[in-house]
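>
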Amino acid sequence: MTDLTPHQEAASDHALGQLDRPELDEFLASLGDADSPTDHELAAAELEVALLGLGGEGAERLPQQLEGRLKAAATAYAWALDSKPANRVELIAERRDPGVDLVRYLGWMAAAAALVVVWFVLGKRPEPQVSVTPPPEPPSAVPSVPAPPPTPEEQRAELLKHEDARKLAWSATKDEAAKGASGDVVWSSHAQQGYMRFKGLEPNDPKRSQYQLWIFSKDQDERYPVDGGVFDVDSSGEVVVAIDPKLHVDEPTLFAITVEKPGGVVVSKRERIVLTASAGG
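Take 1 as the starting number for the sequence shown in our numbering and just add one per residue.
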């Protein structure tokens with residue numbers, strides 16, 4: 001900031017509201033004197049105060065071209081003041097002259113340039129950085145693991161809950177594969193489902209032979225029992241096998257297990273009957 005005259009300092013304090021009552025009265029009374037600050041001096045003081053509040057380390061330097069213009073205006077203004085006589089009364093008289101007042105013109109030019117500075121500083125002030133907190137990510141959904149399918153043992157136990165489910169015990173024949181074999185067959189005509197349970201039945205080699213179930217019923221010619229599916233036994237322990245009927249069976253009378261070639265047959269010769277379970281009737 002440049003050195004200020006007493007009147008300019010008073011104008012600056014007045015712009016900042018720092019004058020007490022006696023100083024304010026003295027300042028207002030001086031406005032009518034020949035040495036009172038001019039309009040542009042008051043404007044320049046207020047603008048300089050405003051600029052001081054906008055400066056600091058964060059203020060951006062003015063463009064070189066604008067800075068040069070401001071310096072030129074300030075130099076011309078100072079030159080105009082210095083070129084006038086020291087007699088302030090003459091200066092006041094010249095100000096009241098209706099002609100072109102160079103000093104007043106240059107003063108207002110300086111004030112206008114200061115306004116440009118204010119506009120530039122305000123326009124170039126960095127905007128405050130607003131910290132935006134991203135919304136929390138939703139918890140990753142844990143993929144549901146499908147439940148494993150029920151085992152044949154579980155399905156057999158569920159079928160036994162049906163009201164029409166019948167459980168028939170196996171009877172072993174004299175075939176070598178049936179030696180020590182036991183178990184039962186469970187059947188539901190309503191559900192058309194059934195399960196065979198074996199214990200001690202001889203394991204078979206699927207490449208040489210397979211077991212095949214035959215279902216005899218009242219409405220079926222006993223020469224052509226219903227094919228209940230082929231299966232393998234790979235353990236002498238307990239084995240549960242689901243029945244796979246090829247036709248609808250309403251009233252079964254007999255279940256029989258035979259030994260057939262791999263893949264089974266359409267009509268069995270019944271050369272090797274291993275197990276039977278009679279339903280009566």
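Virtual Cβ for every residue (Gly too), placed ideally from N, Cα, C. Just so you know, these numbers come straight off a predicted model, no measurement behind them.
#1: Would the segment 201 to 220 count as touching the segment 160 to 167 if we require 3 or more Cβ pairs under 8 Å?
#2: Report the three-state DSSP secondary structure of residue 208 (helix, strand or coil).
#3: Report buried or exposed for residue 201, applying the criterion of at least 16 other Cβ atoms within 10 angstroms of its Cβ.
#4: In this structure, does DSSP put residue 252 in helix, strand or coil?
#5: Going along the chain, which unbroken runs of the beta strand (DSSP E) with 3 or more residues stay wholly within the segment 186 to 245?
#6: When you compare each of 187, 139 and 25 to residue 244 by their alpha carbons, which one comes out closest?
#7: May I ask you to list the residues that DSSP assigns as paired with residue 25?
#8: Could you tell me whether the segment 172 to 184 touches the segment 267 to 280, where touching means 3 or more Cβ pairs closer than 8 Å?
#9: Against chain D, does residue 240 count as a neighbour if the rule is that its beta carbon must be under 8 Å from one of theirs?
#10: Using CA coordinates, which residue listed in 189, 198 and 145 is at the minimum distance from residue 182?
#11: What are the start and end residues of the beta strand (DSSP E) that includes residue 275?
#12: Flag this pair as yes or no: are the beta carbons of residue 210 and residue 260 separated by less than 8 Å?
#13: For residue 185 and residue 234, what's the separation of their Cα atoms in angstroms?
#14: Let's test the definition: count the other Cβ atoms within 10 Å of the Cβ of residue 193 and tell me whether it reaches 16, buried, or not, exposed.
#15: Helix, strand or coil for residue 137? Go by DSSP, reduced to three states.
#16: Alpha carbons only, please: which of 250, 132 and 208 is nearest the one belonging to residue 263?
#17: Look at the alpha carbon of residue 152 and the alpha carbon of residue 196, and state the distance between them as a whole number of angstroms.
#18: Give the DSSP-derived three-state secondary structure of residue 247 in the structure shown.
#19: Tell me the residue span of the beta strand (DSSP E) that contains residue 169.
#20: Would you mind working out which of 224, 203 and 20 sits nearest residue 179, comparing C-alpha positions?
#21: Name the residue from 231, 239, 242 and 224 whose alpha carbon lies nearest to the alpha carbon of residue 254.
#22: Suppose contacts are defined by Cβ-Cβ distances below 8 Å. Is residue 159 in contact with residue 191 by that definition?
Quick answer:
#1: no
#2: coil
#3: buried
#4: strand
#5: List check, beta strand (DSSP E) in window: 193 to 199, 210 to 217, 226 to 231 and 238 to 242.
#6: 187
#7: Residue 25 pairs with nothing; no bridge assigned.
#8: yes
#9: Among the protein chains of the structure shown there is no chain D, as only one such chain exists.
#10: 198
#11: First-last of the beta strand (DSSP E) with residue 275: 273 to 278.
#12: Going by C-beta atoms, residue 210 is nearer than 8 Å to residue 260.
#13: 19 Å
#14: It counts as buried.
#15: coil
#16: 208
#17: 10 Å
#18: Three-state DSSP puts residue 247 in coil, outside helix and strand.
#19: Start and end: 166 to 169.
#20: 203
#21: 224
#22: yes
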